Amino acid sequence: ANRYTGLIDRYRDRLPVTDTTPVISLGEGNTPLIRLQNIPAKLGRSVDIYVKYEGLNPTGSFKDRGMTMAVTKAVEAGSKAVICASTGNTSAAAAAYAARAGITAFVLIPDGKIAMGKLAQAMMYGATTLQIRGNFDDGMRLVKEVADHAPVTIVNSINPFRLQGQKTAAFEIIDELGRAPDYHCLPVGNAGNITAHWIGYSESCTAPGGHVTDSCAFCEGACQYAQGMLCQHRPKMIGYQAAGSAPFIRGAMVDHPETVATAIRIGHPQSWDRAWKVMSESGGWFAEVTDLEILAAQRMLTQYEGIFCEPASAASLAGLIKDIQAGKIEEGATVVLTLTGNGLKDPDTAIAQCQGEAEGVEKARMLTIDANLDSVRGAILGFM
Ligand code: F0G
4 ANRYTGLIDR YRDRLPVTDT TPVISLGEGN TPLIRLQNIP AKLGRSVDIY
54 VKYEGLNPTG SFKDRGMTMA VTKAVEAGSK AVICASTGNT SAAAAAYAAR
104 AGITAFVLIP DGKIAMGKLA QAMMYGATTL QIRGNFDDGM RLVKEVADHA
154 PVTIVNSINP FRLQGQKTAA FEIIDELGRA PDYHCLPVGN AGNITAHWIG
204 YSESCTAPGG HVTDSCAFCE GACQYAQGML CQHRPKMIGY QAAGSAPFIR
254 GAMVDHPETV ATAIRIGHPQ SWDRAWKVMS ESGGWFAEVT DLEILAAQRM
304 LTQYEGIFCE PASAASLAGL IKDIQAGKIE EGATVVLTLT GNGLKDPDTA
354 IAQCQGEAEG VEKARMLTID ANLDSVRGAI LGFM
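Add 3 to the 1-based position in the sequence shown for the UniProt record's numbering, that's all there is to it.
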């Protein structure tokens, strides 16, 4: 009876479902929280860094947490079709959960600007895939418009059930650490996920009866929610954006977003106001990272820790490194980074940077040799 059956079953007392809700699940959630072993030493600081490896969800990204809720509630309401705009991961998740539910999925993706693995997913899961001559923000606008004229349920993060599902990542982290971290870093596009995490942390520490663990190491059961105050022990939330797609840094919408991290190539974030509220409530901040810093961080995680995330996800480590070096993270702090998507999503970018196409990022050690003993031995000795 201990079989893991997905996050709705695990956290149903904290989610908007009832006993008769028809749960659509692929066993999402319950992802590993991995403590970094080598990178902190390389940074020369005693910061305790954990990564929440969301790339191990069923479709390879954190979107599955939101999608199990969004599709479950769509089916409960009798919907026969879902629709989303996407930079690739939402469309993969929508397509998979719609297939599981036996309903139709329509996905709008920017033509030529999504990673190959994500395109393969949308097609394989059987979504109707509309490649638009425009970017994510154009797609989002069109989805909102068409939903008023067609019987389709929007499953982008403007659907409130999405954030409800995604908040469970914070529950899992608190369950595992026994408390909230001091800082939580995420890559930011639409800012839905950073908002969802904040909801999760806030519910854990402030809602009456909302304590996740019996012995929060910070609160030790004396959390101030009882006095109607916010718990002091929620993390500072840090949102990192790619420099070419950084409306939260510019303080204004960006009309032509660009970045190698196509997942977060977004100029008009849907959760703009909510994310600013997260920052003021948590005492956190937004910062930007360059594409080169993103790729270097992606490579560090693979080479030094054996963890392969997609470029957008690596923005969280890239940003943390800069903030540590700038002295913004104190020694001894506990930090959680969300690695939002699996590295296998974007093989083209991975191979290109390993072939030395990204200036400043090391080439992969790869050569083509003849199929004989001398060549293989020569190659081994040459690389030792
Ligand atoms: N990381 C990855 C891998 C993503 O796919 C996304 C968003 C984000 C981070 C940013 O999350 O939007 O909640 O701030 N991807 C969406 C999509 C836009 O369509 O897959 P956010």
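We put the beta carbon where it would ideally sit given N, CA and C, even for glycine.
The structure displayed is predicted, hence computed values, not measured ones.
Secondary structure of residue i, DSSP reduced to three states
| i | result |
| --- | --- |
| residue 138 | coil |
| residue 276 | helix |
| residue 262 | coil |
| residue 256 | coil |
| residue 344 | strand |
| residue 190 | strand |
| residue 53 | strand |
| residue 59 | helix |
| residue 78 | helix |
| residue 283 | helix |
| residue 24 | coil |
| residue 64 | strand |
Any non-hydrogen atom of ligand 1 within 7 Å of residue i CB
| i | result |
| --- | --- |
| residue 313 | yes |
| residue 157 | no |
| residue 193 | yes |
| residue 353 | no |
| residue 241 | no |
| residue 394 | Limits of the chain in this structure are 4 at one end and 387 at the other, which puts residue 394 out of reach. |
| residue 30 | no |
Euclidean distance between Cα positions of residue i and residue j
| i | j | result |
| --- | --- | --- |
| residue 85 | residue 373 | 52 Å |
| residue 261 | residue 97 | 24 Å |
| residue 371 | residue 359 | 16 Å |
| residue 383 | residue 42 | 27 Å |
| residue 100 | residue 278 | 27 Å |
| residue 67 | residue 8 | 13 Å |
| residue 164 | residue 375 | 58 Å |
| residue 306 | residue 83 | 45 Å |
| residue 385 | residue 50 | 36 Å |
| residue 47 | residue 327 | 10 Å |
| residue 5 | residue 247 | 46 Å |
For residue j and residue i, believed in contact at Cβ under 8 Å, the rounded distance
| i | j | result |
| --- | --- | --- |
| residue 52 | residue 36 | Contact doesn't hold; Cβ gap of about 11 Å is too wide. |
| residue 183 | residue 200 | Contact flag wrong, Cβ pair sits at about 10 Å. |
| residue 188 | residue 283 | That belief does not hold up - the Cβ atoms of residue 188 and residue 283 are roughly 18 Å apart, past 8 Å. |
| residue 69 | residue 169 | 5 Å |
Cutoff 8 Å: residue i Cβ touching any chain C Cβ
| i | result |
| --- | --- |
| residue 355 | This model lacks chain C altogether; it includes just one protein chain. |
Original post:
Counting pairs of Cβ atoms below 8 Å between the stretch 123-143 and the stretch 78-92, do you hit three or more?
Top reply: Judged by Cβ distances under 8 Å, the stretch 123-143 makes contact with the stretch 78-92, as three or more pairs qualify.
Original post:
Is the stretch 310-318 touching the stretch 337-351, taking contact as three or more C-beta pairs under 8 Å?
Top reply: A contact exists between the stretch 310-318 and the stretch 337-351.
**OP:** Answer yes if the stretch 101-112 comes into contact with the stretch 318-332, meaning at least three C-beta pairs across the two stretches below 8 Å, and no otherwise.
**Re:** Using a C-beta cut-off of 8 Å, the stretch 318-332 makes no contact with the stretch 101-112, since fewer than three inter-stretch Cβ pairs fall below that distance.
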